[in-house]
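Anchor point for the sequence shown: position 124 equals 124 in UniProt numbering, and the numbering is continuous, going up by one each time. I have placed the structure first, in the form of structure tokens, so that the comments after it can refer back to it.
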Amino acid sequence: MTITKEEGEKWAKDFFAAFQLGFAGNNHGETLKPFLAEKMSWDWSDGFSGTDEPSSTLTDKFAQTWGFMVEKVIAHPIVLVSTTDDRIEMFSPTFVIQINGGLPVSYPVGQPVSFTMTVKDGKATNWVGLWDQGDAEMNDAIAKVTAALEAAKTSDA
1 MTITKEEGEK
11 WAKDFFAAFQ
21 LGFAGNNHGE
31 TLKPFLAEKM
41 SWDWSDGFSG
51 TDEPSSTLTD
61 KFAQTWGFMV
71 EKVIAHPIVL
81 VSTTDDRIEM
91 FSPTFVIQIN
101 GGLPVSYPVG
111 QPVSFTMTVK
121 DGKATNWVGL
131 WDQGDAEMND
141 AIAKVTAALE
151 AAKTSDA
């Protein structure tokens, strides 16, 4: 049975709220658990991909990367539900992330981002994330935070 437009829109709204919430405590493994299949596939613009792996592999890696570096996401995605093949597209023309790595200074950067999810029985079985990984502003912010984290480690040693 395929997903209805209403079911898909609700799923997307609830998923995205849980996705945003996960940044506050870097706990996407908890916040996204109701939305991710036990085993799933993913392919993201940063080169992170997996095929038929435990969803915990995705959320564990996320906790060490984007979940750790980003304190907040501000976006209001446009949702398209494909009722014939169980896909949900969430496109955010302005997807703003505040990059800080847990430090007091944040660097807000924004760009368009798209998530395409295949959803079976209410759980994502595939997640394609598309953005410009070469975005200069985003990479500059990541470099600044990485340098500040290294400096903080050195001063603590």
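All residues carry an ideal CB built from backbone N, CA and C; glycine is no exception. These numbers were taken from a predicted model, which means no experiment stands behind them.
In the DSSP assignment, the residues bridged to Gln111 are Phe95.
Take the alpha-carbon of Ala147 and the one of Ala18: they are about 30 Å apart. In the same chain as Phe16, and ignoring 5 residues on each side of it, the C-beta atoms closer than 8 Å to its own belong to Ala75, Pro77, Met90, in chain order.
In this structure, Lys123 lies near Ala37, with their beta-carbon atoms less than 8 Å apart. Beyond the five residues adjoining it in sequence on each side, Val128 comes within less than 6 Å, by CB distance, of Asp43, Thr116 in the same chain, given in chain order.
Around the beta carbon of Val145, a 10 Å sphere encloses 16 or more other beta carbons of the protein chains shown; the residue is thus reported as buried.
Here DSSP, grouped into helix, strand and coil, assigns Ile3 to coil.
Around the beta carbon of Val70, a 10 Å sphere encloses 16 or more other beta carbons of the protein chains shown; the residue is thus reported as buried. In the structure shown, the three-state DSSP call for Leu103 is coil. Rounded to whole angstroms, the gap between the alpha carbons of Ala136 and Thr94 is 16 Å.
When DSSP reads this structure, Trp127 sits in a beta bridge with Trp42, Met117.
Counting every other CB atom within 10 Å of its CB across the protein chains shown gives Asn139 a total below 16, marking it as exposed.
Beta-bridge annotation (DSSP): Pro54 is paired with Lys39. A straight line joining the alpha-carbon of Leu103 with that of Gly134 spans about 24 Å. By the Cβ-count criterion, Asp14 is exposed, with fewer than 16 other Cβ atoms from all chains shown falling within 10 Å of its own Cβ. In the displayed model, Leu80 falls within a strand according to three-state DSSP. Shown here for Ala12: same chain residues with a beta carbon closer than 6 Å to its own, the five before and five after excluded, namely Val79, Ile88, Met90 in chain order.
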